[in-house]
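Scroll down for the structure; my scribbles are underneath it.
Numbering (the numbering used here), first residue to last: 8 to 446.
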């Protein structure tokens with residue numbers, strides 16, 4: 008097995024593993040083959056949201072193994088949310104002491120059928136994070152951390168209310184949902200959705216975020232730091248005298264311009280430290296930060312626009328790459344909705360037809376996203392990612408003209424046996440033939 012570098016040799020070993028028999032035999036026989044192989048896309052990612060639900064380090068390592076076995080190279084670790092802050096920041100201990108726990112969680116699909124009233128949470132120590140980053144590096148995987156800003160910041164605001172434009176206001180409880188525990192002061196959210204209380208674009212907030220990012224950068228050698236940027240309501244900024252004065256002072260058009268100012272401040276800081284930002288496609292609104300990479304999730308339009316502006320793009324459109332979507336009709340457990348069966352994932356083409364010529368090069372690759380509102384345990388995560396991860400990994404590795412659904416579907420029967428050997432859960436309904444696959 009040879010390669011241009013250690014990473015290439017590692018992928019060669021993964022190919023060898025795929026040639027191994029999936030049944031126990033007296034002799035280990037491998038067919039004599041000659042394979043010349045290389046990935047189509049440079050960025051081949053899998054994401055995990057640990058904010059809505061928290062998962063132990065042992066599973067994070069197993070998840071990284073799944074990424075490696077599929078010759079993917081990026082683990083996007085979504086570490087902060089409205090429902091929990093999951094990374095130890097030594098300068099701000101309340102982020103995990105307060106922000107790492109919520110007083111309950113809604114039951115069933117939003118708006119829920121009550122609240123379980125159980126205190127829930129957890130976080131990763133810096134030592135645990137170093138351990139995970141090293142584990143990934145040994146498997147030639149880059150860990151990209153995500154610190155959400157300016158929105159999805161309720162947990163941080165619960166820990167440090169002065170990060171809000173209105174630090175003395177109580178957290179707004181969604182009237183459609185049930186709540187557990189205290190309702191006064193700032194609280195970690197217990198339901199899913201989008202919340203109005205977001206980071207105030209004050210110097211206090213920027214200093215706080217720079218301190219947080221300093222500790223994040225010390226833990227993660229990745230060139231990329233994901234800064235979120237999605238689903239940031241503007242209501243608080245609209246009624247904040249401070250924000251309105253800042254808009255006038257900076258000559259900004261509106262609150263979208265203020266979000267762009269916020270993102271560009273953070274980007275400038277990270278660039279000064281030799282890092283680059285990735286943001287969800289909302290960062291296009293109000294003007295794109297000069298060196299930003301856009302992660303296109305609301306369809307492909309954001310990615311197309313960013314590439315046309317000569318910005319790098321990672322495609323992750325919900326209709327193909329959101330693995331929290333249902334994959335069977337009906338599902339036997341709650342999901343967020345949607346319908347993205349494995350054949351649809353396999354049909355995905357990361358380079359939109361709207362991009363031609365020299366604009367194609369800006370599509371770095373694609374990523375599957377695993378949002379965990381309705382994934383309370385690791386069995387559910389594995390059920391949701393397999394076999395869809397196997398489909399996306401082939402999309403990102405193989406030349407477009409070599410992809411063949413009928414051939415892939417046959418090979419999935421062997422892959423199913425590997426899931427079993429790994430001790431992993433997976434979508435057994437699909438393999439039982441109970442799912443009608445529409446082409």
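Note that beta-carbon positions come from the ideal geometry of N, C-alpha and C, so glycine has one too.
Per DSSP, which residues does residue i bridge with? Please list them.
i, result
"residue 287", "302"
"residue 62", "Per DSSP, none; premise fails for residue 62."
"residue 374", "52"
"residue 131", "94"
Taking only the alpha-carbon atoms, compute the straight-line gap between residue i and residue j and give it to the nearest angstrom.
i, j, result
"residue 204", "residue 223", "24 Å"
"residue 121", "residue 112", "9 Å"
"residue 165", "residue 37", "57 Å"
"residue 340", "residue 280", "45 Å"
"residue 362", "residue 233", "24 Å"
"residue 285", "residue 220", "14 Å"
"residue 87", "residue 32", "47 Å"
"residue 11", "residue 96", "38 Å"
"residue 90", "residue 119", "15 Å"
"residue 370", "residue 295", "17 Å"
"residue 334", "residue 346", "6 Å"
"residue 47", "residue 69", "25 Å"
"residue 271", "residue 293", "11 Å"
"residue 344", "residue 331", "8 Å"
"residue 412", "residue 353", "7 Å"
"residue 394", "residue 402", "13 Å"
"residue 240", "residue 307", "22 Å"
"residue 433", "residue 143", "23 Å"
"residue 238", "residue 382", "21 Å"
Am I right that residue i and residue j are in contact with their C-beta atoms under 8 Å? What's the rounded C-beta distance?
i, j, result
"residue 206", "residue 267", "In fact, because the Cβ distance is near 14 Å, the residues do not count as touching under 8 Å."
"residue 265", "residue 136", "The pair is not a contact, with the Cβ atoms about 32 Å apart (cut-off 8 Å)."
"residue 193", "residue 209", "Their Cβ separation, rounded to whole angstroms, is 16 Å, which puts residue 193 and residue 209 out of contact at 8 Å."
On the criterion of 16 or more Cβ atoms from any shown chain inside 10 Å, does residue i qualify as buried, or is it exposed?
i, result
"residue 422", "buried"
"residue 317", "exposed"
"residue 23", "exposed"
"residue 78", "buried"
"residue 211", "exposed"
"residue 445", "Low confidence applies here, because residue 445 scores a pLDDT of 44, under 50, leaving its location unreliable; read the following figure in that light. Result: exposed."
"residue 406", "exposed"
"residue 148", "buried"
"residue 34", "exposed"
"residue 242", "exposed"
"residue 441", "Residue placement at residue 441 is flagged as unreliable, the pLDDT there being 46, under the threshold of 50; the coordinate-derived value follows with that caveat. Classification of residue 441: exposed, given that the 10 Å Cβ count is below 16."
"residue 150", "buried"
"residue 214", "exposed"
"residue 43", "exposed"
Determine the closest residue to residue i out of the options, with distance taken between C-alpha atoms.
i, options, result
"residue 73", "21, 249 and 260", "21"
"residue 429", "243, 19 and 76", "76"
"residue 377", "440, 419, 389 and 410", "389"
"residue 163", "71, 106 and 343", "106"
"residue 350", "419, 290, 305 and 301", "419"
"residue 274", "408, 192 and 235", "235"
"residue 323", "171, 183, 264 and 303", "303"
So, does the CB of residue i fall closer than 8 Å to a CB anywhere in chain C?
i, result
"residue 20", "Looking for chain C here will not work: only one protein chain is present."
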